[in-house]
Amino acid sequence: MRAGVSSEQEWANVVNDESTAWHPDHIRSLIIDAEEKLHLQEIWRRVGLAWIFLGNLALIALAAMATLKLFEQISRLAVPLYIAAGVSLLGSPALAYWQYKRTRSTRIIIKKLHVVRRRTQAESDTESGVAQDSALPAQKRYREDVPDLISQFREDAGRTRRVHNRFQSIIIVGSVITSAIATASVSFVQARWLTVGASAAVGLAAGFTGYFKYHERSFNSQQTADAIEREYEAVELRVGKYANLKELEAYALFADTVERLRDEQNKRQQQLDQPVEVTREE
75 MRAGVSSEQE WANVVNDEST AWHPDHIRSL IIDAEEKLHL QEIWRRVGLA
125 WIFLGNLALI ALAAMATLKL FEQISRLAVP LYIAAGVSLL GSPALAYWQY
175 KRTRSTRIII KKLHVVRRRT QAESDTESGV AQDSALPAQK RYREDVPDLI
225 SQFREDAGRT RRVHNRFQSI IIVGSVITSA IATASVSFVQ ARWLTVGASA
275 AVGLAAGFTG YFKYHERSFN SQQTADAIER EYEAVELRVG KYANLKELEA
325 YALFADTVER LRDEQNKRQQ QLDQPVEVTR EE
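Counting with the working numbering, you get residues 75 to 356 for the letters of the sequence shown.
As structure tokens, this is what we get:
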């Protein structure tokens, strides 16, 4: 058995090779490797997005300064700035698409590895002589998949929380800047257009925050993740409502509770997706 899988092609061979008898523990190690790879890809994707927005904006600002000849030192670098800005603006969409394809490919591989793990685990249970009519093996595998579910909810909560914080930062900083620019526009007429731009940015950020309700979505996902994690620990330690139950009954109750929490989460998200008028009528 190989110690690990180092490339996407090898991962693809693992998930597509039906004849290979992989041990469930080995598949789990492959999933961990793939999730670590996905984490690094997400970091690079965020760096790329930061460059697409902030880097291009900085290059455009420097090119504009060079064109207007506001600073002599920058004006001397006008041609290199034009070239750099053009290459960056043209290359940014390709960079974003390439990063998207990489992360999407890794996510698909992780999903396929989970399918292979479930299949190999079922085959392992059969070889071990576990009764086919017993639901216990499936329920145990369900519990083993719950940490991935918790991670997904927390990732979603963190992602929406970051979006909410960015918009709130734009609103707070933009409001202060708008007031300062409006005061300066009394003496500098050119600053009036900056006031319009800053006001528009604040208004758009406030509108997106109110419409998409990022804070509420983040709170709901984090709340569900915490609730499922409590159930995950409780069934393992046999505490709370699982204290006096047999193994089969405990895992059955655990699966039912987790599914109920997921259903409640889906209903809360659907309510957030509804228009305000519909929510009030209900």
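For every residue, glycine included, the Cβ atom is placed at its ideal position computed from N, Cα and C.
Please read all numbers here as calculations on a predicted model, not as lab measurements.
(message) Going by C-alpha to C-alpha distance, which of Ala-152, Ile-148 and Ile-126 sits closest to Pro-361?
(response) The structure shown does not extend to residue 361, since the chain is modelled only from 75 through 356, so no value can be given for it.
(message) As a quick exercise: from Ala-279, Ala-317 and Thr-298, pick the residue whose alpha carbon is nearest that of Asp-337.
(response) Ranking the options by Cα distance to Asp-337, first place goes to Thr-298.
(message) Quick check: Ala-279 and Ile-251, are their CB atoms within less than 8 angstroms of each other?
(response) no
(request) Could you tell me the distance, in whole angstroms, from the CA atom of Arg-192 to the CA atom of Glu-116? (result) 26 angstroms
(request) Check whether the Cβ atoms of Val-190 and Ile-255 sit closer than 8 angstroms, and answer yes or no. (result) no
(request) Kindly indicate which three-state DSSP category Lys-143 falls into: helix, strand or coil? (result) coil
(request) Quick one: grab the DSSP three-state call for Glu-92. (result) Confidence is the limiting factor: at Glu-92 the pLDDT is only 47, short of 50, which leaves the residue's position unreliable and the question unanswerable from this model.
(request) Determine the extent of the alpha helix (DSSP H) in which Val-260 is found, giving its start and end residues. (result) Per DSSP, Val-260 belongs to no alpha helix (DSSP H) and is neither H nor E.
(request) Could you give the DSSP three-state label for Arg-291: helix, strand or coil? (result) helix
(request) Can you say whether Gln-339 is buried or exposed, counting buried as having 16 or more other CB atoms within 10 angstroms of its CB? (result) buried
(message) Beta-carbon within less than 6 angstroms of Gln-206's beta-carbon, same chain only, minus the 5 sequence neighbours each way: which residues are those?
(response) For Gln-206, the pLDDT reaches just 47, beneath the cut-off of 50, and the residue's location in the model is therefore unreliable, although a value from the coordinates is still provided. Close CB contacts of Gln-206 within its chain, under the 6 angstroms cut and outside five residues either way in sequence, are absent.
(request) Report yes if the C-beta distance between Glu-305 and Ile-184 is below 8 angstroms; otherwise report no. (result) no
(message) Once the 5 residues before and after Arg-119 are set aside, which same chain residues still bring their CB inside 7 angstroms of it?
(response) Correct list, in chain order: Gln-173 and Thr-177.
(request) Indicate whether Gln-296 and Arg-240 have their beta-carbon atoms separated by less than 8 angstroms. (result) no
(message) Which same chain residues end up closer than 6 angstroms to Arg-266 when comparing Cβ atoms and leaving out the 5 residues on each side of it in sequence?
(response) Ser-259
(request) Tell me, please, whether the stretch 153-165 touches the stretch 121-136 by the rule of three or more beta-carbon pairs shorter than 8 angstroms. (result) yes
(message) Can you give me the C-alpha to C-alpha distance between Gln-147 and Met-139, rounded to a whole angstrom?
(response) 10 angstroms
(request) With a cut-off of 8 angstroms on the beta carbons, I'd call Leu-163 and Asn-130 a contact; round off their distance for me. (result) 6 angstroms
(request) Take Leu-223 as the anchor and find which of Leu-335, Pro-98, Val-121 and Asp-107 has the nearest alpha-carbon. (result) Its Cα nearest to that of Leu-223, the residue Leu-335 stands out among Leu-335, Pro-98, Val-121 and Asp-107.
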